[in-house]
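So the structure is just underneath, and the comments pick up after that.
Numbering (the numbering used here), first residue to last: 621 to 785.
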């Protein structure tokens, strides 16, 4: 596989600006309730990059994951230099939505969400459009396939699990 499309070698700092902004926002929203960054901080940063209108969609997608996921996603803290496979999958789904490849986005979301949750998660189309209109284009990177057997089983996980650090 070409190194430029192999996400296993990409760290957070190696991502393009659009990807870093999106993942930082997703991480920060997923950790809401912690002291830093606050909701106002997230809104301020997104406003600075002219994508402040994307924050409600970002909040919605995080809420959809929190309420409907059948498989945990691994989300790192906003300052972590490493990227999880889940975070790469989220980028892939939103990049696909940005290119109007909705079935690809939906299939990616079904790795973690039931079909109705995957449909709801397509709210990222609005987020993807706002990013595109601001000139923040997400590259379509290839990711390694997930373990399908693992994604098809109902799982529970403990609060404080390593899926969020």
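Quick reminder that beta carbons are idealized off the backbone N, C-alpha and C, glycines included. Computed from a predicted structure; not experimentally measured.
Here's a check: name, in chain order, each residue in its chain whose Cβ is nearer than 8 Å to the Cβ of residue i, leaving out the five neighbours to either side.
i: residue 672; result: 663 and 666
Please classify residue i as buried or exposed, where buried requires at least 16 other C-beta atoms within 10 Å of its C-beta.
i: residue 703; result: buried
i: residue 675; result: buried
i: residue 656; result: exposed
i: residue 634; result: exposed
i: residue 730; result: buried
i: residue 755; result: exposed
i: residue 720; result: exposed
i: residue 707; result: buried
Have a look at residue i and residue j and give me their C-alpha separation to the nearest angstrom.
i: residue 637; j: residue 669; result: 10 Å
i: residue 751; j: residue 641; result: 10 Å
i: residue 646; j: residue 717; result: 16 Å
i: residue 687; j: residue 747; result: 20 Å
For my contact list, residue i and residue j are in at a C-beta cut-off of 8 Å; report their separation, rounded to the angstrom.
i: residue 743; j: residue 680; result: 5 Å
i: residue 740; j: residue 684; result: 5 Å
i: residue 690; j: residue 734; result: 6 Å
What are the start and end residues of the alpha helix (DSSP H) that includes residue i?
i: residue 746; result: 744-753
i: residue 687; result: 675-688
i: residue 741; result: 735-741
Between which residues of its own chain and residue i is the CB-CB distance below 7 Å, once the five residues before and five after are set aside?
i: residue 631; result: 701, 702 and 703
Given residue i, which residues of its chain have a CB within under 6 Å of its CB, disregarding the five upstream and five downstream residues?
i: residue 650; result: 682 and 695
i: residue 711; result: 639
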